[in-house]
Every structure is written in C-alpha cells, then in structure tokens.
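Going from the sequence shown to our numbering is simple: count from 1 and add 10. Each residue gets a CB set at the ideal place from its N, CA and C atoms; glycine is no exception. For clarity, every value in this text was computed on a predicted model and none was experimentally measured. First comes the structure, then the notes that go with it.
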Amino acid sequence: MIIGLTGGIASGKSTAARYLAENGAFVMDGDVLGHRAYQPNTAAFAKIVETFGSDVVGADGQIDRKALGGKVFGNPDALKQLTDILYPEIRRMFSEWIKTTQADNPEALLVMDAAVLLEAGWEDLADETWVVIVDPDTAVTRAVARDGLDETAVRKRIASQLSNDERSARADVVIDNSGDETALTTRLDAELTRIR
11 MIIGLTGGIA SGKSTAARYL AENGAFVMDG DVLGHRAYQP NTAAFAKIVE
61 TFGSDVVGAD GQIDRKALGG KVFGNPDALK QLTDILYPEI RRMFSEWIKT
111 TQADNPEALL VMDAAVLLEA GWEDLADETW VVIVDPDTAV TRAVARDGLD
161 ETAVRKRIAS QLSNDERSAR ADVVIDNSGD ETALTTRLDA ELTRIR
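Rendered as structure tokens:
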C-alpha cells in the first residue's frame, strides 16, 4: 500500500509523516529527494545550469539556491522551467524508492511525503492520496510561532499554494488538523486501522 501524503505550510503534514513512520510505515520525504536532484553529476543539475546559467553554481560546485531563487521567484515562467526540470527527476527517485522498498518489504506501508504531490502530478504513484488541512489563520499562527516567519510572508505563501478545497477535492482521505496533536494522531490511527 502506497500513500501520497500532502498538505500546505504548517498543516501538520510533517507531524503526520513522522507519526506514520513511528508506527511502522516507510516514509520518503520529497524534500530530501528534491535536495538530491540538485546534486552535481545529476541530469537535473546539468539542465539547471544549462537553463539558468553557470552563475547559479557556487564556489563549492553546488547549486547556489539563493542565486537560483533570485532568478525564479516572482517569475512564473522561470519557476515553471525549474519545476519542469525537478519534478520528473523527483518522480523518478520516488518510483525507484517504491520499487526497491517494496522488493525488500512486500507488505510494507509506504508513504510519499510531498508538499507538491498534487501540483507535480505524482498522486498516480500512490494507492491513496491523504491531504492534511488546517484553516489558513491557524496555519499562519503556527508558522509564525514555529519558524519565526513574518505573518504577511506566510499569508503570501498560503495564497500561492493550492487551497484546502482544491486539495480536498483531489484526496481520498482528508485529515483536518485544526485540533491538537492528540486529535491528529487519533485520526491517523483510525486510517491506519482501516487500511491494515
């Protein structure tokens, strides 16, 4: 069984992923794969340099995420060019991970933890899509408290992401995480019981 787990900023997606891992699931974090896609000697690295110029490579030979960010943020066309390079590569790594993990653990519960699961179109890799949602005001409060982010910046990020309604419409399971962590884990337990 493969679950695609997604959610917006400060929704509790990472808390859910951690809890599933603590309860026996094999979890792969899409952010980890995203960082791997930027590594030198990968196809994505070469395409990024070819597309955005050699000035996005720092003195250490790694992609300078700040320099690259300066070229793509606020520029939808450039951002699409970047995601068109990264998304297929991350998808390939997720597929590879699924194949090898299932070969070693045929009965295992696998969780693809990916904030951009729906945007990237990776939900077809999963048997079920689980979406963790929280109302925007709660997300703002949590993100400001957790990361020390500016409220306006958080609201802008939320506005740039899929809405709860858009995510929910494409989900098999919607987990409302407006309560506390106990409520979240109780809900996750119920889903784990259902699929097992």
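Do V144 and S178 count as a contact pair if the criterion is CB distance below 8 Å?
No; because the gap between Cβ atoms is not below 8 Å, this pair is not in contact.
Taking buried to mean at least 16 other C-beta atoms within 10 Å of its own C-beta, is K23 buried or exposed?
With 16 or more Cβ atoms within 10 Å of its Cβ, K23 is classed as buried.
Run through the stretch 25 to 94 for me and flag every whole alpha helix (DSSP H) of 4 or more residues, listed as ranges in chain order.
Whole alpha helix (DSSP H) segments, 4+ residues: 40 to 47, 53 to 62, 75 to 82.
By Cβ distance below 7 Å, which residues in the same chain neighbour D65 in space, the five residues on each side in sequence not counted?
These residues qualify, in order along the chain: A77.
Quick one: give me the first and last residue of the alpha helix (DSSP H) that I185 is part of.
First-last for I185: 183 to 186, but that is the beta strand (DSSP E), not the alpha helix (DSSP H).
Using only the alpha-carbon positions, how far apart do L119 and D41 sit?
One C-alpha to the other measures close to 20 Å.
Three or more C-beta pairs under 8 Å: does that hold for the stretch 11 to 22 against the stretch 144 to 154?
Cβ pair count under 8 Å is three or more, so yes.
Roughly how many whole angstroms lie between the Cα atoms of T148 and A181?
Approximately 21 Å, taken between the alpha carbons.
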